[in-house]
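These notes are about the structure you will find just below.
Protein chains: 2
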Amino acid sequence: MGAREATRTDVPRANYTTQSLLAVAVEVFNLRGYDGTSMEDLAQACGITKSSIYHHVRSKEELLRLAVSRALDMLNAVLEEAETREGRAIDRLEHMVRGSIRVVVEELPYVTLLLRVRGNTRAEQWALQRRREFDNRLSQIVGEAAADGDLRDDLDPRLTTRLLFGMVNSMVEWYSPSRGGSSVDLADSVMRLALDGLRRRDPQG
Amino acid sequence: MGAREATRTDVPRANYTTQSLLAVAVEVFNLRGYDGTSMEDLAQACGITKSSIYHHVRSKEELLRLAVSRALDMLNAVLEEAETREGRAIDRLEHMVRGSIRVVVEELPYVTLLLRVRGNTRAEQWALQRRREFDNRLSQIVGEAAADGDLRDDLDPRLTTRLLFGMVNSMVEWYSPSRGGSSVDLADSVMRLALDGLRRRDPQG
DNA sequence: TCTGCCCGTCCGAACGTTCGGTCGTGTAGA
DNA sequence: TCTACACGACCGAACGTTCGGACGGGCAGA
Chain F
1 MGAREATRTD
11 VPRANYTTQS
21 LLAVAVEVFN
31 LRGYDGTSME
41 DLAQACGITK
51 SSIYHHVRSK
61 EELLRLAVSR
71 ALDMLNAVLE
81 EAETREGRAI
91 DRLEHMVRGS
101 IRVVVEELPY
111 VTLLLRVRGN
121 TRAEQWALQR
131 RREFDNRLSQ
141 IVGEAAADGD
151 LRDDLDPRLT
161 TRLLFGMVNS
171 MVEWYSPSRG
181 GSSVDLADSV
191 MRLALDGLRR
201 RDPQG
Chain H
206 MGAREATRTD
216 VPRANYTTQS
226 LLAVAVEVFN
236 LRGYDGTSME
246 DLAQACGITK
256 SSIYHHVRSK
266 EELLRLAVSR
276 ALDMLNAVLE
286 EAETREGRAI
296 DRLEHMVRGS
306 IRVVVEELPY
316 VTLLLRVRGN
326 TRAEQWALQR
336 RREFDNRLSQ
346 IVGEAAADGD
356 LRDDLDPRLT
366 TRLLFGMVNS
376 MVEWYSPSRG
386 GSSVDLADSV
396 MRLALDGLRR
406 RDPQG
C-alpha cells in the first residue's frame, strides 16, 4: 500500500505541441461551437489545465485564427492550381470541385470551423473577408465556363456557383471519415449529379 | 425651454409581444450566433432593458425553443403534405424540394437558426432529434423514387438526399429577401440543376 | 367629465456564476 | 543544472437571471 500522496508519476505528461493542441481544440469547437466552448472545456478535453493552454497559444482567438488559416490556405492552394491551368474553364471548374471535396475530407474539422465563422471577432471578420475573395474567384470560373457555352444558359452563373459549392460545403454537416468512402468516389458522385443531374436517362432502353 | 428633467414621453414604449420580440432575437442570434449573443445584446437590439425581456419569455433558451419549433413545424407541414400525395415518389420528392425552398424563403431567419443548432442545451438536442427524424423521412422518399427507377441508379440514395438538401439548405447562407428573386423561380432553378444537371445539352444545335 | 385604480410593460440594481486570462511555483527530462 | 511544460490560485469583467418598484393607457364609479 504505497504512499498515496506520492506525486502521480503514473499519469505521464501531456506534452502538447501547438499543433496537437489545435487539433483537439478544433474538434471541441465543432462539437460545442466556438462561443459555446470555454477554455475550461478545452482544458478538460486536453487533459491539462486552463493555464497550461496559454503556454502554447496566446489566446482563445489565436486558436481560431490558426484553424481557419489552415483551412483557407488549403482551399486557396487548390484555387491557384486551378487558375494556372490552361484550357477550358469547365475543366478548371471540375478541378475546383474535386479539389474542394478533397480538402473538405482531408481537413474536415478545420474546414467545418471555417464554414461556421460568424464575424464576431477581428479574426472571424478577417476569415470572412478571405472567404469572400475565394468565393468571388470561384464565381469567376463558373462565369467563364458559362461564357464558353459549356454550361446551360438558363441558369444564372452566380446562382449556379452558390448551389454547386453549397452542395460541396454541406459535406461538413454529414461526412464521417470512418463511414464516408474515399474523397475520389465522393467527387465522382458530386460531379455526376452536378453535370448530368439525378434523372434517369434513356428510360426506353 | 421646457423642463429637461420631465419624464421622456418623447420616447414611446416599445410594447413588445412575445412574437415581435422573438423576431428581433432570431435576427440577432443569426448575426452573432446563439452563444455569442448576450441578453444585453438582445436588449439593445430591442431598445428595452435586459430585465424587460424576461417579462415576455422565461429564459434565453426559450427564445431558441420557440424559434426552432416554428421552423420545424413549417417543414413538417410540407413533409406531411408530400407524404399524403399519391402517385410516383419522384413527384413527392419534387414537392419536398419546392416546399422546403418556399419555407426557407418565407421563414428564413427561423430556418437559419434551426440549421445552426449544435446540441449544447436540452432544447438544442430536442431540435436535433426532430431534424434527424425529418431527414430520415426525406431519405425514405428519395429511396422510393430510386426504387421506382426514376432516379439514376449509379448514385446512392442516402448520398443523393444529403447532397440535394444540402444544396437547398445552403440557401440560408446567401439568400437575401430583397435581392433573391421569388421562391418559385429559385425552386425552378434548383429542380433543373438537380434533375438535369449543369451541362449544356445538344451543343451541335 | 373627472378621479382612482388596475394591469401590462418596462426599468435599475443587484445576485451568484462563469468567462478569458495572469501569476508565481513546481517538477520531469535533457 | 537548466529549460520546457504544467500546475493551482486568483483576477476583473461579463454572463443569465431575479427582484421590487415605476410608468401609463384604459376602465369603473361618481
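Protein chains in written order, with this note's numbering: chain F, 1 to 205; chain H, 206 to 410. We treat Cβ as the ideally placed atom computed from N, Cα and C, and that holds for glycine.
query	result
Starting from residue 395 (chain H) and walking both ways along the alpha helix (DSSP H), at which residues does that stretch end?	388-401
In whole angstroms, give me the CA-to-CA distance for residue 139 (chain F) and residue 256 (chain H).	46 Å
For residue 155 (chain F), which of helix, strand or coil comes out of DSSP?	coil
Of all the options H:379, H:322, H:287, H:249, which has the alpha carbon lying nearest to the alpha carbon of residue 273 (chain H)?	H:322
Which residues in the same chain have their Cβ closer than 7 Å to the Cβ of residue 93 (chain F), if we skip the five residues on either side of it in sequence?	141, 142, 145
Residues in the segment 258-291 of chain H with C-beta within 7 Å of chain F's C-beta atoms, listed in sequence order?	none
In its own chain, which residues sit with a C-beta less than 6 Å from the C-beta of residue 199 (chain F), not counting the 5 before and 5 after it?	none
Is any non-hydrogen atom of the ligand MG found closer than 7 Å to the C-beta of residue 389 (chain H), if you look at the structure I gave you?	For the structure depicted, the ligand MG is absent and the ligand set is empty, with no information on it obtainable.
If you compare alpha carbons, which of F:28, F:104, F:64 is closest to residue 169 (chain F)?	F:104
Which residues, in chain order, does the segment 339-352 of chain H contribute to contact with chain F at a C-beta distance below 8 Å?	none
Is residue 130 (chain F) helix, strand or coil by DSSP?	helix
For chain H, check one thing: does any of its Cβ atoms lie closer than 8 Å to the Cβ of residue 39 (chain F)?	no
Can you name the start and end residues of the alpha helix (DSSP H) that residue 301 (chain H) belongs to?	294-311
Among H:378, H:366, H:360, H:362, which has the Cα closest to the Cα of residue 163 (chain F)?	H:378
Using C-beta distances below 6 Å, list every residue in its chain close to residue 89 (chain F), excluding the 5 sequence neighbours before and after it, in chain order.	141, 144, 145, 148
So residue 160 (chain F) contacts chain H; which residues on that side make the cut at Cβ distance below 9 Å?	394, 398, 403
Decide yes or no for the touch test of the segment 244-260 of chain H against the segment 272-292 of chain H: beta carbon pairs closer than 8 Å, at least 3 of them.	no
Tell me residue 199 (chain F)'s beta-bridge partners as DSSP assigns them.	H:356
Closest by CA to residue 122 (chain F), which one among H:327, H:300, H:392, H:237?	H:237
Should residue 296 (chain H) be flagged as near chain F, meaning a C-beta pair shorter than 8 Å?	no
With a cut-off of 8 Å, do at least 3 Cβ pairs link the segment 76-86 of chain F to the segment 16-36 of chain F?	no
Give every residue of the same chain whose Cβ lies closer than 6 Å to the Cβ of residue 304 (chain H), excluding the five residues on either side of it in the sequence, and list them in chain order.	283
For residue 314 (chain H), which three-state DSSP category applies?	helix
For residue 299 (chain H), go through chain F and note every residue whose CB falls closer than 9 Å to its CB, in chain order.	Those within 9 Å of residue 299 (chain H) in chain F number zero; the least Cβ separation is about 11 Å.
Answer with buried or exposed for residue 400 (chain H), where buried requires no fewer than 16 other C-beta atoms within 10 angstroms of its C-beta.	buried
Less than 8 Å between the C-beta atoms of residue 193 (chain F) and residue 360 (chain H), yes or no?	yes
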